[in-house]
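For reference, the structure is listed below as structure tokens.
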Amino acid sequence: MTEVNPEQVELADFDQPEFDDVPTLDEVEAAREEDPSLHDSPVATAPIVVPQAPTPGATGTRIIALANQKGGVAKTTTTLNLGVAFKEMGYNVLLVDLDPQGNLTMSQGLNPDTIEVSMFDVLVRKIPISDVIERREVDLAVASIDLAGAELALASLIGRERSLEKALIEVRDKYDFILVDTPPSLGLLTINAFVAATGVIVPVQCEYLALRGLVQLENTLAMVRENLNPLVGVEGIVPTMYDSRTLHAREAVEILEENFGDLVFKTRIRKTVRYAEAPVKGSSVLGYDPTGTASEAYRELAKEVLHGAEAREHA
């Protein structure tokens, strides 16, 4: 047998992120054999340690799914403005519009009704994702109304839950952050986002009824971790549409913190008309009102996403 000189082995082509504290799949399976109760374990109450890109251009792409099965919680707003905030900091960012409503696509001045090829074609027809990326404030893989039929079209395909994961292989090494805007449901498109993701951020409207859906989202994530992606977990919860003048909003945040502790980001995304005005101009709020408090909120959130996981881990 020919001996291999370790100094001649080139690992650069693999470009895999480093996991210092995350167990390997073999270690996960070994732990489950020793303790069968781990098969039914819920989503972790602490954030999953995910590979981070500490400097622009570094390897270790973070793929973050923005998810909440309840609509109207500022999920698309958070996806766009968080992505633009990362871009301001010098990172390479790709946004993926996986919502058939196409709100993220419209927020960058594009009309989903006139788009000829979109994420539907990437997921179902397997065209390269680079073919549907538009260069806007940040790179954007666009959606069209065709996405409404994607779940039905994917249902009969083998490996349907991994369609997005496979599509991102082509461009993953070009970006430090890939943010995926998901539909307001826990269907196959959202499952695709969870399978591809290194972490999940959950925007939550500061109202009591909006908190109830978090349990269902956690259960879905637990099934994804059990069967498809054992390293994905909730990276953080973002309180959105926060109005500090109302007792109800303050109580909703208190309930979040009581139940999820350090998973709740310190940044509060407050109600303001700026978030509604910016998409009309085809812009993020950071481009529309760069010095306003709305923009500063997402810059602070970006810093938390960059450094908050490490800070919470050692708290």
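For the working numbering, count along the sequence shown from 1 and bump the result up by 11.
Glycine is no exception: its CB is placed at the ideal position from the N, C-alpha and C atoms.
A quick note: this is a predicted structure, and the numbers were derived from the prediction, not measured.
key: Own chain partners of T88 with C-beta closer than 7 Å, once the 5 adjacent residues on each side are dropped   = In the sequence shown, residue 88 corresponds to position 77, counting from 1. Cβ neighbours of T88 beyond the five flanking positions: Y286.
task = Measure the CB-CB distance between L104 and A221 and report whether it falls below 8 Å.
result = The residue labelled residue 104 in the question sits at position 93 within the sequence shown. The residue labelled residue 221 in the question sits at position 210 within the sequence shown. First, the amino acid is wrong: residue 104 is Val here, not Leu. Not in contact: V104 and A221 (Cβ atoms no closer than 8 Å).
Runs of beta strand (DSSP E) wholly within the region 148 to 191 (minimum 3 residues, chain order) = 150 to 152
key: alpha helix (DSSP H) segment containing L77, residue limits   = Walking along the sequence shown from the start, residue 77 turns up at place 66. That residue, L77, is in no alpha helix (DSSP H); its beta strand (DSSP E) goes R73 to L77.
ask   = What residues in its chain sit with their C-beta under 7 Å from that of T66, if we drop five residues either side in the sequence?
value = Here residue 66 corresponds to residue number 55 of the sequence shown, with the count starting at 1. Note that T66 scores a pLDDT of 39, beneath 50, so its modelled location is shaky and nothing firm can be said.
ask   = Looking only at C-alpha atoms, which of R173, E127 and Y186 sits nearest to G71?
value = Here residue 71 refers to the residue found at position 60 of the sequence shown. Measuring from the Cα of G71, the nearest candidate turns out to be Y186.
inquiry  = Once the 5 residues before and after P139 are set aside, which same chain residues still bring their CB inside 6 Å of it?
reply    = Residue 139 sits at position 128 when you count from the first residue of the sequence shown. Same-chain partners within the cutoff: E181.
key: Reference V215, options D110, F188, L190 and A260, closest by Cα   = As a first step, residue 215 is located in the sequence shown; it is residue number 204 there, counting from the start. It is A260 whose Cα lies nearest to the Cα of V215.
key: Pairwise C-alpha distance: A76 and G247   = Start at 1 with the first residue of the sequence shown, and residue 247 comes out as number 236. Start at 1 with the first residue of the sequence shown, and residue 76 comes out as number 65. C-alpha separation (whole angstroms): 11 Å.
message = Using a 10 Å radius around the Cβ and a threshold of 16 neighbouring Cβ atoms, would you call V235 buried or exposed?
response = Reading the sequence shown from its first residue, position 224 is the one you call residue 235. Result: buried.
request  = Starting from V291, follow the alpha helix (DSSP H) in both directions and report where the run begins and ends.
outcome  = Numbered from its first residue, the sequence shown carries residue 291 at position 280. Residues R285 to V291.
ask   = Grouping DSSP H, G and I as helix and E and B as strand, with all else coil, what is T88?
value = Here residue 88 refers to the residue found at position 77 when the sequence shown is read from its first residue. Three-state DSSP puts T88 in a helix.
key: Same chain only: Cβ atoms within 8 Å of G198, ignoring 5 sequence neighbours per side   = As a working note, residue 198 is residue 187 in the sequence shown. So the list reads E162, once near-sequence residues are dropped.
task = Mind checking which residues open and close the beta strand (DSSP E) that includes E268?
result = Here residue 268 is taken as the residue at index 257 of the sequence shown, counted from 1. Careful: E268 lies outside any beta strand (DSSP E), inside the alpha helix (DSSP H) at L258 to F271.
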